[in-house]
Each structure stands twice: as structure tokens, then as C-alpha cells.
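Written below as C-alpha cells is the structure these notes are about.
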């Protein structure tokens, strides 16, 4: 079986402030305890990875670097930037707080939260979810065809796009939002059909972060 490990980036200033942060917003990571990255690295050291990828956004790149630098197994491996793993664009909602958007657009935010495309969302510059799903899924399928059986790949990405991509790959529409620094694992025996082995896992961290994903109600 081939496996894909997907890590959501560390918490940023905008995450803390509950501001929407998509492909065009990129606030710095919090200067939190480095033990989070050590714990993630220790967990990932249990596995071998053929390739390591990251979204092109700084918060994902810095999470990847901080984690791999602390790895005792993967510290020499190259981190490959891949545009397909960037976050969904949230258009004019970027940088606005979740509360302020809900107050102004309650029904529209509800659709956004459920990842339902709507012409009004498109008019705000928000990327269509159906397109975001396809770009993530298609890139995974392309990469997975290039590795041998029983090999793994590691991806550092974002909450919304990872959720959408995993839905598209596994045909599971019931999964919820992802927490910062969580790891999800999906596997395939035939390079086409995937199943979830683990979703939104963060037991390796020494705290419980119940903040979830800002883009979900």
C-alpha cells in the first residue's frame, strides 16, 4: 500500500485572531514552544518518505522546515514546493474575522463553511471548491503513480484544501475541519482508490487545541 501523510501547518497570528487566511493571506507562525515541531518530527520519524512536499505559502514552508530540521531521520531530505497544495483563495474575506463575516453574510458563510460553491462566493474572489478539490486530487494521483508500492509521501499544506482533497480522494464527504499541526493519513492499493487510515490526528502533541478551523462554523 502507498500512503500519503498530510500535515496542516502550525498556528499563525491570524489563526489565533480567528481571521480567514487563504492563498492570498499569509500571516507569520506563532513563536510558540518548539516542542510542537519536535513532537511532530518524532512522530513522522516512525515512517519513511520517498518525497516531502509543501505548499508555496510561507506558513506551510516554515512548518515543513521547522519539522524536518528537528527530524532525526529526514533532516537531510529536500522539501519540494508544489503549487497544487496551496490553500484555497478566500478572496475579499482574507484577513477578516470569522465573526465579522458571519454578521454580514450569515447565509453565505454557512455555504462557504459547508464548501458549497455559489456565484456570490465566486464574485467575492473565493476559489470554487470543485476546482480546489480537483487540483489537490489530481496532483496526488500524479505523484502516487511515480512511487513504488509500500512507499509513502509527506505533504505540508492547509486546512481547507487538505479537507477538500481528502474528500475527493476517498469519497468521504463527512469529515470535519483540521487542526493546526494535525496529521492525516490516506492509503491506496491501486493508485486510484484511497481510504482514510487516520484523520486529524494530533495525539503526539502535549496539549489539546480545540480551536479547529476558522473557515468552518
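Numbering (the working numbering), first residue to last: -19 to 197.
C-beta atoms are modelled at their ideal positions from N, C-alpha and C, and glycine is treated no differently.
For the set 5, 16 and 30, the Cα lying nearest the Cα of residue 39 is the one of 5.
In this structure, residue 44 lies near residue 136, with their beta-carbon atoms less than 8 Å apart. An exposed status is given to residue 100, since fewer than 16 other beta-carbon atoms sit within 10 Å of its beta-carbon.
Residue 167 is bridged by DSSP to -17 and 175. Relative to the Cα of residue 32, the nearest Cα in the group 85, 123 and 89 belongs to 123.
Counting only residues of its own chain and dropping the five nearest sequence neighbours on each side, residue 108 has a CB closer than 7 Å to the CB of 97 and 102. Within the model, the alpha-carbon separation for residue 114 versus residue 150 is close to 13 Å. Three or more beta-carbon pairs separated by less than 8 Å link the segment 59 to 71 to the segment 129 to 144, which places the two stretches in contact.
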